[in-house]
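Residue numbers (UniProt numbering): 1 to 422.
Where a beta carbon is used, it is the ideal one built from N, C-alpha and C, also for glycine.
Everything numeric in this text was worked out from a predicted model, so none of it was measured.
Report on the structure given below.
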């Protein structure tokens with residue numbers, strides 16, 4: 001059915017590229033695609049295209065282009081950050097015969113008939129007369145320009161609201177990265193890699209908006225350039241009656257392009273802001289990692305202190321334990337077998353103290369000497385190699401030689417005026 005309709009109306013083959021944008025799909029595809037295609041007026045009617053019974057003179061032009069609009073698909077009842085916005089495309093095909101006959105073919109995704117209703121309202125009784133007059137070829141041409149303006153105005157709608165929603169959402173997601181622990185943020189936020197992913201999603205959404213807006217600018221500019229060329233074409237027999245209409249059309253199109261350009265600049269500023277805030281979030285993540293590492297380092301230091309205390313206590317009791325164990329053997333024995341209940345021996349006690357106290361002192365001294373040796377090694381590793389490469393006397397000599405030469409140069413007498421040799 002679609003092929004028969006295209007054949008009957010002799011639609012240009014380029015429309016296939018535009019129609020292929022639509023179809024059943026889970027995610028919108030080819031949002032960055034924008035195009036404009038046109039066939040100028042033929043000098044002589046081509047055989048088969050001139051059908052007088054259908055009001056076709058064979059001298060006609062046709063064009064096809066697509067525009068993009070954004071609308072709020074589903075608002076969230078509580079949090080506007082979760083609102084669903086949709087960038088939708090519309091394909092407009094138009095033919096105009098110099099005898100005044102026109103043909104429109106508009107394709108738009110979705111189940112609503114918004115553009116059809118707008119076109120009917122434009123051609124209805126309540127619209128201005130110049131938008132719905134088809135008595136002469138000039139009036140038909142003027143009505144086609146009004147239809148093009150209507151489609152361009154449709155493509156301009158809701159972009160301000162969409163970009164404002166992006167700005168508010170980005171600010172809500174990342175304001176804590178800017179203010180930090182300021183009074184505006186009651187709770188310090190703990191950042192995760194998901195925060196970076198969220199900002200990346202917002203940046204891509206802003207980038208898609210820029211691509212759609214720039215595509216609309218290019219398409220509308222190409223549409224204006226085409227009609228400016230049509231009124232200069234000698235084969236367009238009603239060019240004298242339509243020059244003023246094209247001039248008015250051009251003024252409105254240029255005003256739309258200015259508004260589109262301003263929205264592009266606004267969105268580009270948003271993209272830069274998102275990129276800067278993503279860098280701030282990365283820095284916060286790095287700071288949090290460093291803070292956690294610092295806490296781990298402090299905990300390890302406390303653990304090392306405890307281990308040092310345990311080691312010192314062990315070193316203090318180690319000699320005594322060794323001596324006690326040694327004296328408990330049969331090598332040295334101070335008790336007689338005749339006194340099984342045991343008895344106190346002052347000589348044994350003195351021998352134990354004479355051995356234990358010097359051994360404890362030597363053990364502590366060895367530990368202190370080893371610690372100092374390790375500390376000096378660490379200090380040598382932390383010193384700069386350049387400062388270690390020269391002794392202090394050599395450094396002082398090098399400074400004295402440099403400053404001495406400089407002093408000799410500046411202290412030489414210099415003439416105030418050049419001397420003339422005779």
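Residues near residue i by beta carbon distance below 7 Å, same chain, minus five either side
| i | result |
| --- | --- |
| residue 214 | 264 |
| residue 318 | 363 |
| residue 196 | 278, 281, 282 |
| residue 296 | none |
| residue 436 | In the structure displayed, the chain extends from 1 to 422; residue 436 sits before or after that span and is not available. |
| residue 159 | 70, 213, 263 |
Nearest-angstrom Cα separation, counted from residue j out to residue i
| i | j | result |
| --- | --- | --- |
| residue 218 | residue 285 | 41 Å |
| residue 91 | residue 283 | 45 Å |
| residue 154 | residue 36 | 17 Å |
| residue 280 | residue 70 | 30 Å |
| residue 359 | residue 320 | 8 Å |
| residue 355 | residue 349 | 10 Å |
| residue 322 | residue 308 | 21 Å |
| residue 203 | residue 65 | 28 Å |
| residue 311 | residue 364 | 11 Å |
| residue 166 | residue 206 | 7 Å |
| residue 4 | residue 161 | 41 Å |
| residue 18 | residue 112 | 20 Å |
| residue 15 | residue 23 | 15 Å |
| residue 171 | residue 126 | 44 Å |
| residue 274 | residue 32 | 21 Å |
| residue 114 | residue 292 | 57 Å |
| residue 375 | residue 369 | 10 Å |
| residue 380 | residue 372 | 12 Å |
| residue 134 | residue 163 | 40 Å |
| residue 474 | residue 168 | The question about residue 474 has no answer here: the residues shown for the chain are numbered 1 through 422. |
| residue 212 | residue 235 | 35 Å |
| residue 59 | residue 107 | 25 Å |
| residue 83 | residue 176 | 22 Å |
| residue 187 | residue 290 | Only weak support is given to the placement of residue 187: the predicted model assigns it a pLDDT of 45, under 50, and the question is left unresolved by the model. |
| residue 306 | residue 269 | 55 Å |
| residue 20 | residue 2 | 13 Å |
Outcome for residue i when other beta-carbon atoms lying within 10 angstroms are tallied against a minimum of 16
| i | result |
| --- | --- |
| residue 104 | exposed |
| residue 98 | buried |
| residue 76 | exposed |
| residue 277 | buried |
| residue 7 | exposed |
| residue 143 | buried |
| residue 316 | exposed |
| residue 120 | exposed |
| residue 29 | exposed |
| residue 179 | exposed |
| residue 353 | exposed |
| residue 430 | This structure does not reach residue 430, given that the chain is present from 1 up to 422, and the question cannot be answered. |
| residue 95 | buried |
| residue 324 | exposed |
| residue 256 | buried |
| residue 129 | exposed |
| residue 139 | buried |
| residue 41 | buried |
| residue 89 | buried |
| residue 147 | buried |
| residue 93 | buried |
Sequence-distant residues of its chain with Cβ nearer than 6 Å to residue i (five each side left out)
| i | result |
| --- | --- |
| residue 122 | 131, 150 |
| residue 184 | Note that residue 184 scores 41 on pLDDT, short of 50, meaning its location in the model is unreliable and no value can be drawn from it. |
| residue 253 | 220, 224 |
| residue 423 | Outside the displayed span of the chain (1 to 422) sits residue 423, for which this structure offers no information. |
| residue 9 | 103 |
Residues that residue i bridges to, as DSSP identifies them
| i | result |
| --- | --- |
| residue 108 | 90 |
| residue 102 | 96 |
| residue 62 | 39, 95 |
| residue 29 | Answer is none; residue 29 lacks a bridge partner. |
| residue 159 | In the DSSP output, where bridge partners are listed per residue, residue 159 has none listed. |
| residue 84 | 74 |
| residue 68 | 89 |
Rounded Cβ spacing between residue i and residue j (contact assumed at less than 8 Å)
| i | j | result |
| --- | --- | --- |
| residue 67 | residue 85 | Their Cβ separation, rounded to whole angstroms, is 17 Å, which puts residue 67 and residue 85 out of contact at 8 Å. |
| residue 141 | residue 245 | 7 Å |
| residue 156 | residue 260 | 7 Å |
| residue 228 | residue 250 | 7 Å |
| residue 136 | residue 100 | 7 Å |
Residues near residue i in its chain [Cβ-Cβ closer than 8 Å; skip 5 each side]
| i | result |
| --- | --- |
| residue 288 | 190, 191 |
| residue 39 | 12, 61, 62, 63 |
| residue 199 | 170, 173, 174, 274, 277, 278, 281 |
| residue 239 | 230, 231, 232, 233 |
| residue 118 | 150, 154 |
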